[in-house]
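Visitor:
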Amino acid sequence: MNQELQETINRWKTYLQKIEQRFEESLQQAEETCKDLLIESNYDYYEVMKTWMAIKSQINDISKGITQTWEQKVYPQLSLHTHLDLQKELHESNFTYFLLIRLEQFERNLKADLSQTFYNHVIQLANQRFSCTQCHSPLAIQSNVFRAHYVTCNYCQATNTFTPDTKYAQIGGNIIDNIVAKKCEPLYQKMQVSLANIQNQRPPIAEQFWEKYKSDYFNYYETFFIERMKLNHDAKDRFDADLQRKKTEYEHYEKLHKKTY
């Protein structure tokens, strides 16, 4: 390998190392900003998500800069050497894909942490404010029901109606989904590995790869829906429909890609 080519590769390596460091620093700053804002905004989860989306857009611009540098400065030099076997991790497409996956993992974890903090605060606040209308004894709400429901006072047996405020009602949606997603993260990663194994094979793809992905796919989503039911009582009513929806999505994906792969 001539000196000029080696210098080009070394500069590219150094550039990618700096980019990765900048990327990780940006994620750390984003996490701190979002967690601080959740408290400062009086637990306005969706306001925090708006801020995160703006930050995420800026982080995505880092990947665009990598592609531009590769196309304009690096690839033209490397293309002069047709027999060059560049390390896989140094290819622009592989590195930007690595950053994409890292960002997706970070986002899932960030949403889960913010959701757990939101959940803990809102549940605690609701319990502190809810008391019997007859004897004023403190009452414990059903923390897995996010709609209006009756609560019987253990002291005077009066029936009280708990009407959730906006924040409490929000828990029953994406908040719980985010919390459950973190609990099921190992199964999600296992499913993603099985999918990547299919995508990385040359066709025709052996049936065993499809069977492995199918097994991991349904294991993840069934576990996810079961765990969600533990935190949201009403999710039981749509368990079968949710599972059928995921079955339909899988069948559509398999039909669309099985011949392609």
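Numbering-wise (this note's numbering), the sequence shown opens with residue 1224 and increments by one.
Note that CB positions come from ideal geometry on N, CA and C, so glycine has one too.
These numbers come from a predicted model, not from an experiment.
Just how far apart, CA to CA, sit P1426 and F1432?
Guide: Here residue 1426 refers to the residue found at position 203 of the sequence shown. Here residue 1432 refers to the residue found at position 209 of the sequence shown. P1426 and F1432: Cα-Cα distance of roughly 11 Å.
Visitor: Is the region 1242-1261 touching the region 1274-1288, taking contact as three or more C-beta pairs under 8 Å?
Guide: yes
Visitor: How would you call N1401, buried or exposed, if buried means at least 16 neighbouring beta carbons within 10 angstroms?
Guide: The residue labelled residue 1401 in the question sits at position 178 within the sequence shown. The residue is buried, with at least 16 neighbouring Cβ atoms inside 10 Å.
Visitor: Indicate whether the contact test is met: 3 or more Cβ pairs, each with one atom in the region 1316-1329 and one in the region 1380-1396, closer than 8 Å.
Guide: The region 1316-1329, when compared against the region 1380-1396, does not touch it at the 8 Å Cβ threshold.
Visitor: Using 10 angstroms around the beta-carbon of Q1393, count the other beta-carbons present and answer buried if the total reaches 16, otherwise exposed.
Guide: In the sequence shown, the residue the question calls residue 1393 occupies position 170. Buried, since its Cβ has 16 or more Cβ neighbours within 10 Å.
Visitor: Over the uninterrupted beta strand (DSSP E) stretch that includes F1385, give me the two end residues.
Guide: For the purposes of this step, residue 1385 is taken as the residue at position 162 of the sequence shown. Counting along the chain, the beta strand (DSSP E) containing F1385 begins and ends at T1382 to F1385.
Visitor: Once the 5 residues before and after S1264 are set aside, which same chain residues still bring their CB inside 7 Å of it?
Guide: Taking the sequence shown and counting its residues from 1, the one referred to as residue 1264 is at position 41. So the list reads E1270 and V1271, once near-sequence residues are dropped.
Visitor: What is the DSSP secondary structure of T1356, reduced to helix, strand or coil?
Guide: Reading the sequence shown from its first residue, position 133 is the one you call residue 1356. The DSSP-derived three-state label of T1356 is coil.
Visitor: Determine, using beta-carbon pairs with one atom in the region 1413-1429 and one in the region 1284-1301, whether at least three such pairs fall under 8 Å.
Guide: Verdict: no, contact absent.
Visitor: I'd like to confirm the pairing. Which residues does DSSP put opposite P1361 in its beta bridges?
Guide: To locate residue 1361, count along the sequence shown from 1; it is residue 138. In the DSSP output, where bridge partners are listed per residue, P1361 has S1354.
Visitor: I think Y1411 touches Y1443, with their Cβ atoms under 8 Å apart; what is that distance to the nearest whole Å?
Guide: Taking the sequence shown and counting its residues from 1, one reaches residue 1411 at position 188. Taking the sequence shown and counting its residues from 1, one reaches residue 1443 at position 220. Here Y1411 really is in contact with Y1443; their C-beta atoms are around 6 Å apart, less than 8 Å.
Visitor: Alpha carbon to alpha carbon, how far is E1230 from Y1436? Give it in angstroms, no decimals.
Guide: Working through the sequence shown from its first residue, we reach residue 1436 at position 213. Working through the sequence shown from its first residue, we reach residue 1230 at position 7. The alpha-carbon atoms of Y1436 and E1230 are separated by roughly 42 Å.
Visitor: Which residues bound the alpha helix (DSSP H) around Y1266?
Guide: Against the sequence shown, residue 1266 aligns to sequence position 43. Looking at the DSSP string, Y1266 is not in any alpha helix (DSSP H), and its letter there is neither H nor E.
Visitor: In chain order, what residues of the same chain have a beta carbon less than 7 Å from the beta carbon of I1364, not counting five sequence neighbours either side?
Guide: Taking the first residue of the sequence shown as position 1, residue 1364 is located at position 141. Answer for I1364: A1349, N1350, F1353, V1374 and F1385, listed in chain order.
Visitor: Going straight from the alpha carbon of F1369 to that of H1480, what length do you get?
Guide: Along the sequence shown, read from residue 1 onward, the residue named residue 1369 stands at position 146. Along the sequence shown, read from residue 1 onward, the residue named residue 1480 stands at position 257. Cα-Cα distance, rounded: 40 Å.
Visitor: Compute the Euclidean distance between the alpha carbons of P1409 and Q1424, then round it to the nearest angstrom.
Guide: The sequence position of residue 1409 within the sequence shown is 186, counting from 1. The sequence position of residue 1424 within the sequence shown is 201, counting from 1. So the two alpha carbons sit approximately 23 Å from each other.
Visitor: Cα separation between M1414 and Q1310?
Guide: Here the question's residue 1414 lines up with position 191 in the sequence shown. Here the question's residue 1310 lines up with position 87 in the sequence shown. Cα to Cα, the separation comes out at about 27 Å.
Visitor: Any idea what DSSP makes of V1368, helix, strand or coil?
Guide: On the sequence shown, residue 1368 is found 145 positions in, with the first residue counted as 1. Residue state, collapsed to three classes: coil.
Visitor: Taking the alpha helix (DSSP H) that E1445 falls in, what are its first and last residues?
Guide: In the sequence shown, counting from the first residue as 1, residue 1445 sits at position 222. Taken as a continuous stretch (DSSP letters only), the alpha helix (DSSP H) holding E1445 covers E1430 to L1454.
Visitor: Could you check if R1468 is buried or exposed, using at least 16 other CB atoms within 10 Å of its CB as the buried criterion?
Guide: Counting from one through the sequence shown, the residue named residue 1468 turns up at place 245. Classification for R1468: exposed.
Visitor: Can you check whether the C-beta of E1430 is within less than 8 Å of a C-beta belonging to chain C?
Guide: Any reference to chain C falls outside this structure, which holds one protein chain only.
Visitor: From E1294, Y1440, M1452 and C1257, pick the residue whose C-alpha is nearest to that of I1278; which is it?
Guide: As a position in the sequence shown, residue 1278 is number 55, starting the count at 1. Ranking the options by Cα distance to I1278, first place goes to C1257.
Visitor: Using only CA atoms, which one of D1463, L1228 and D1388 lies nearest to H1304?
Guide: As a working note, residue 1304 is residue 81 in the sequence shown. Cα-wise, what sits closest to H1304 is L1228.
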